[in-house]
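Last residue of the sequence shown? That's 341 in this note's numbering, and every number before it is there in order.
Single-structure report; data block below.
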Amino acid sequence: MVLFPFFGGEKMQQAVNNDFMDAFAYSGSSRLRELADKHELLIDDEEFFPGGHLTRYRINNSYQRGVQEIVKLSSGFSVITTSFEALDLQTTSYSGTDWIVLQCCVSGEYDIIINDGKPQRLLPGDCRLDILTGESTWTRRQIAATRYRYVGIFLRPEDLLLLLSAGERSRNTLVELLSSKGHVDQRTYTFPGSNSLIATVNEVAEFGDFGGLRPAFVKAKSIELLVFALNKARWAERNCQSLQQRATLSRRAKMAYEIKNIIDREFAVGHTLEILASRVGSNRTSVTQAFKAEYHKTPMEYLKYVRLSNAHEMLIHHEGGLDAIAEHVGYADTASFIRAYRKFFGKTPGNVKP
């Protein structure tokens, strides 16, 4: 199977940092090579291991800016993590034969198009599983002036079976899900991600090094995401309703719940109370009253709590400077982050012990 521009080609060799030709030995993308030639693409980290590699690079130009990471875990299993701002409309296409794609979107909206089919909009908090049979082209069309954070998993059916089979029962379940279902050349399942799944995607998008265990971490989290998605697909095939139907909520409680989900997913986005209220079709006063009744704090107090709690976890468990952590959790500058952290926890971030 030939997958997307990044994978397929000559055998990758050990490379020197920031050597574009080595780091992207699998890339046939003239656009990426042009970015490197113009010094608009800088490799932050790269690691080579038996059967694969990790390459993380930073792009800054008139079209987009941010970080993207490619982890190739085997010949037919790759994970792409993206955290950047699209400054202009951008379309990326991947081609292959008999392959599976899982997209988990935390922030930003983009369209997915299979071959010449109708675009489907993926919203923050959505996950989409595509099981593609035969030759196909999978396209992502990103909207301008939007900040994106998502994880994409690309793999062959045989790699999925090898990864997830744990006995005859699990293998039979996977084989049934992956079967061609007659003459259908594609099957798509779109579903809302649970809070734990969105938290998992955010963990991957933190780009923590874990003392060199980053590839193992990405593999473990990818398994978690795949199992969740395949279980959703299994129940969809049985025409069953979701196992976790939301209880009937009053309008005010439901509004507060929706605001909380937005903050949990998009804590790094510069939300204001007006923006949050407009997202749920309400106003500042109603949103504040509803949220405080359910969670005993205002939406902006909760946003600060989520940001600083995530920052605290990063300080304890992950490597990274204060500038990177402040940016990751949504603070415009490091000084503001330090002041907020000290006021919330009673000590500065520099005094936190791993």
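Think of the CB as a built atom: it goes at the ideal place given N, C-alpha and C, for glycine as much as any other residue.
query                                                                                          : result
Inter-residue spacing [alpha-carbon to alpha-carbon] between M301 and F215                     : 25 Å
Cβ-Cβ distance between S152 and L164 below 8 Å                                                 : no
Proximal residues to S61 (C-beta, below 8 Å), its chain only, five neighbours per side dropped : G38, G39, D146
Nearest residue (CA-CA) to T335, options S80, E193, H299                                       : H299
Those residues which DSSP pairs with K59 across a bridge                                       : H40, S65
Proximity winner among I99, P202, L109, relative to F64 (alpha-carbon distances)               : P202
Local conformation of F194 per DSSP, three classes                                             : coil
Separation of F71 from Q51, as counted between CA atoms                                        : 7 Å
Extent of the continuous alpha helix (DSSP H) run through R143                                 : Per DSSP, R143 belongs to no alpha helix (DSSP H) and is neither H nor E.
Three-way DSSP call (helix, strand, coil) for A131 in this model                               : coil
Alpha-carbon spacing of N47 relative to M287, whole angstroms                                  : 31 Å
Simplified DSSP assignment, three categories, for L(-10)                                       : With a pLDDT of only 39 at L(-10), under 50, the local geometry of the prediction cannot be trusted, and no value is derived from it.
Where F71 sits in the DSSP three-state scheme                                                  : strand
Cβ shell of N297 (< 8 Å), same chain only, five flanking positions each side left out          : N189, F254, H315, V316
Beta-carbon proximity of V274 to L290, cut-off 8 Å                                             : no
Under the three-state DSSP convention, the category A322 falls into                            : helix
Assumed close pair C92, D113 - CB separation to whole angstroms, cut-off 8 Å                   : 5 Å
Euclidean distance between Cα positions of L22 and Q55                                         : 14 Å
Three-state secondary structure (DSSP) of N270                                                 : coil
Span of the beta strand (DSSP E) around T84                                                    : 77 to 94
Residues that DSSP places opposite E122 in a beta bridge                                       : T84
Proximity of I249 and R266 at Cβ, strictly below 8 Å                                           : yes
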